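**Student:**
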Amino acid sequence: MEFIEVRNCYKVYKNGVTALADANLKITKGEFVFVIGPTASGKSTLLKLLYREEKPNKGNIYVGGVNVSKLRNSKVYKLRRKIGIVFQDFKLLPKLTVYENVAYPLESYGMKSSDIRKSVLKALERVGLKEKYRSFPHELSGGEQQRVCIARAIVNEPKLIICDEPTGNLDPDTSKEIMDVINAINKEMGATIVMATHDKEIVNRMKKRVVTIKDGVVVKDKMKGSYDNENIKNTKS
Ligand code: ADP
Ligand code: MG
8 MEFIEVRNCY KVYKNGVTAL ADANLKITKG EFVFVIGPTA SGKSTLLKLL YREEKPNKGN
68 IYVGGVNVSK LRNSKVYKLR RKIGIVFQDF KLLPKLTVYE NVAYPLESYG MKSSDIRKSV
128 LKALERVGLK EKYRSFPHEL SGGEQQRVCI ARAIVNEPKL IICDEPTGNL DPDTSKEIMD
188 VINAINKEMG ATIVMATHDK EIVNRMKKRV VTIKDGVVVK DKMKGSYDNE NIKNTKS
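Using the working numbering, read the sequence shown as starting at 8 and increasing by one per residue.
1. Anything with a beta carbon under 7 Å from a heavy atom of the ligand FMN counts; list them all in chain order.
2. Specify, as a first and last residue, the run of the beta strand (DSSP E) that V226 falls within.
3. Buried or exposed, going by whether 16 or more other CB atoms sit within 10 Å of the CB of D206?
4. Measuring CB to CB, does V218 end up less than 8 Å from L32?
5. Which residue or residues does DSSP assign as beta-bridge partners of T25?
6. Give me, in chain order, the residues of the same chain whose beta-carbon lies closer than 7 Å to that of S244; leave out the 5 immediate sequence neighbours on both sides.
7. Can you give me the start and stop residues for the beta strand (DSSP E) that K91 sits inside?
8. Following the continuous beta strand (DSSP E) through L167, name the residue where it begins and the one where it ends.
9. Between the Cα of Y234 and those of R216, V224 and G223, spot the shortest distance and give me the residue it belongs to.
10. Quick test of the definition: if touching needs 3 or more C-beta pairs under 8 Å, does the segment 87-97 touch the segment 163-176?
11. With L136 and V105 assumed to form a contact (beta carbons below 8 Å), what rounded beta-carbon distance in angstroms separates them?
12. On a Cα-Cα basis, can you pick out the residue from L78, I123 and K85 that is closest to A158?
13. Using only alpha-carbon positions, find the residue among P63, Q152 and S76 that is nearest to V109.
14. Roughly how far, in whole angstroms, is the beta-carbon of T174 from the beta-carbon of I209, given that I think they are within contact range, below 8 Å?
15. Can you check whether the CB of L54 is closer than 8 Å to the CB of V13?
16. Should S120 go down as buried or exposed, given a rule of 16 or more other Cβ atoms within 10 Å for buried?
17. Do you know offhand how far Y20's Cα is from F143's?
18. State the Cα-Cα distance for the pair R79 and Y140, rounded to the nearest angstrom.
19. Check whether the Cβ of V40 sits closer than 7 Å to any heavy atom of the ligand ADP, and report yes or no.
20. V40 lies in the alpha helix (DSSP H); which residues open and close that run?
21. Answer yes or no: do L57 and G223 have a C-beta to C-beta separation smaller than 8 Å?
22. Note down the Cα distance separating N211 from G232, rounded to an integer number of angstroms.
23. Compute the distance between the beta-carbons of G66 and N22, then report whether it is under 8 Å.
24. Name the two residues that bound the continuous beta strand (DSSP E) containing K65.
25. Which parts of the segment 115-199 are runs of the alpha helix (DSSP H), unbroken and 4 residues or longer, counting only runs that do not cross its ends?
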């Protein structure tokens with residue numbers, strides 16, 4: 008079995024919207040995968056199934072051999088410890104410092120504070136933000152805030168990092184820097200990256216695997232792929 012397997016997944020939200028219709032996808036450990044597709048094609052929903060923010064109505068999702076779709080609610084926290092998540096809007100806690108924001112996930116583990124300190128500083132160093140550990144989120148640029156989120160996502164060295172439009176709020180230069188950080192994490196930590204994006208420039212420059220979703224179905228899957236406008240045109244509008 009592959010590290011990630013999405014098998015025949017359907018997701019119909021309570022309002023009747025079908026977000027995924029027989030979605031299938033396999034991802035090997037250590038891969039870097041872009042998920043692209045028109046707005047409302049089901050990209051975020053697919054990612055949400057992986058970290059069990061949503062459950063499929065039908066089908067199964069395996070992450071690291073665990074059937075995430077069958078996981079009891081009381082066990083979800085164990086899954087989340089193995090996954091780092093980065094969003095478009097930074098979701099940092101405004102009253103906590105950079106250090107505290109990154110330390111936050113580790114504090115629930117009952118880890119020794121000296122070990123927490125080591126892990127936090129290591130993560131901040133990896134994203135190039137160690138010297139700002141005492142700053143508050145509002146004192147940082149957008150790119151710096153996203154670096155903090157990435158540090159928070161990698162602080163317990165997860166094998167899987169899920170990014171949902173991580174450069175969506177950033178200018179092109181800053182986006183490039185953020186992608187360099189994510190790419191280094193993939194290469195140096197061996198973390199598997201699954202990233203939804205509609206940033207054409209990034210996808211075309213990085214030459215990674217590109218999975219295209221349209222109307223809740225994987226319609227294209229290409230190694231060293233590019234951003235194919237034909238598949239991105241919004242057929243719903
Ligand atoms: P994408 O990330 O590709 O833009 P999403 O997965 O967010 O697409 O959404 C797919 C479809 O599901 C859209 O039509 C969206 O409106 C709908 N949808 C997403 N989340 C919910 C929700 N919580 N409740 C109802 N509909 C939703
Ligand atoms: Mg989305």
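Positions of the beta carbon are idealized from the N, C-alpha and C atoms, including for glycine. What you are looking at is a predicted structure, and each value in this text was computed from that prediction instead of being measured.
**Tutor:** To lay it out plainly:
1. The ligand FMN is absent from the structure shown, which contains only the ligand ADP and the ligand MG.
2. Taking the first residue of the sequence shown as 1, we reach residue 226 at position 219. From DSSP, the beta strand (DSSP E) with V226 extends over V224 to K229.
3. Position 199 of the sequence shown, counted from the start, is the residue given in the question as residue 206. With 16 or more Cβ atoms within 10 Å of its Cβ, D206 is classed as buried.
4. Within the sequence shown, the letter at position 211 stands for residue 218. Within the sequence shown, the letter at position 25 stands for residue 32. Their beta carbons are under 8 Å apart, which means V218 touches L32 by this criterion.
5. Taking the first residue of the sequence shown as position 1, residue 25 is located at position 18. Answer by DSSP bridge pairing, in chain order: V19.
6. Start at 1 with the first residue of the sequence shown, and residue 244 comes out as number 237. Unreliable placement is indicated for S244, whose pLDDT of 42 sits below 50; the coordinate value is still reported in the next sentence. Same-chain partners within the cutoff: there are none.
7. One-based indexing of the sequence shown puts residue 91 at position 84. At residue 91 the sequence reads Gly, which differs from the Lys that was named. That run of the beta strand (DSSP E) goes I90 to V93.
8. Stepping through the sequence shown from its first residue, residue 167 is reached at position 160. L167 to D171 is the span of the beta strand (DSSP E), which, as asked, contains L167.
9. Residue 234 sits at position 227 when you count from the first residue of the sequence shown. The shortest C-alpha separation from Y234 is found at R216.
10. yes
11. Position 129 of the sequence shown, counting from 1, holds the residue named residue 136. Position 98 of the sequence shown, counting from 1, holds the residue named residue 105. About 7 Å separates the two Cβ atoms, so the contact holds.
12. Locating residue 158 in the sequence shown gives position 151, counting from the first residue. Measuring from the Cα of A158, the nearest candidate turns out to be I123.
13. Here residue 109 corresponds to residue number 102 of the sequence shown, with the count starting at 1. Nearest C-alpha to V109: Q152.
14. Stepping through the sequence shown from its first residue, residue 174 is reached at position 167. Stepping through the sequence shown from its first residue, residue 209 is reached at position 202. Rounded, the Cβ-Cβ distance is 7 Å, consistent with contact.
15. Translated into positions along the sequence shown, residue 13 becomes position 6. Translated into positions along the sequence shown, residue 54 becomes position 47. No, they are not a contact pair.
16. One-based indexing of the sequence shown puts residue 120 at position 113. Classification for S120: exposed.
17. Sequence index remark: in the sequence shown, residue 20 carries index 13 (1-based). Sequence index remark: in the sequence shown, residue 143 carries index 136 (1-based). Rounded to the nearest angstrom, the two C-alpha atoms are 37 Å apart.
18. To locate residue 79, count along the sequence shown from 1; it is residue 72. To locate residue 140, count along the sequence shown from 1; it is residue 133. In a straight line, the C-alpha of R79 is about 36 Å away from that of Y140.
19. What you label residue 40 is simply residue 33 of the sequence shown in a count that begins at 1. Because no heavy atom of the ligand ADP lies under 7 Å away, the Cβ of V40 does not count as near it: no.
20. If you number the sequence shown from 1, residue 40 lands on position 33. Note, V40: premise wrong, no alpha helix (DSSP H); beta strand (DSSP E) at F39 to I43.
21. The residue you call residue 57 lines up with position 50 of the sequence shown. The residue you call residue 223 lines up with position 216 of the sequence shown. No, Cβ-Cβ distance for L57 and G223 is not below 8 Å.
22. Numbered from 1 along the sequence shown, position 204 holds the residue referred to as residue 211. Numbered from 1 along the sequence shown, position 225 holds the residue referred to as residue 232. Using only the alpha carbons, I get a separation of about 7 Å.
23. Working through the sequence shown from its first residue, we reach residue 66 at position 59. Working through the sequence shown from its first residue, we reach residue 22 at position 15. No, Cβ-Cβ distance for G66 and N22 is not below 8 Å.
24. For the purposes of this step, residue 65 is taken as the residue at position 58 of the sequence shown. Looking at the DSSP string, the run of the beta strand (DSSP E) that includes K65 is K65 to V70.
25. 120-133, 149-161 and 179-196
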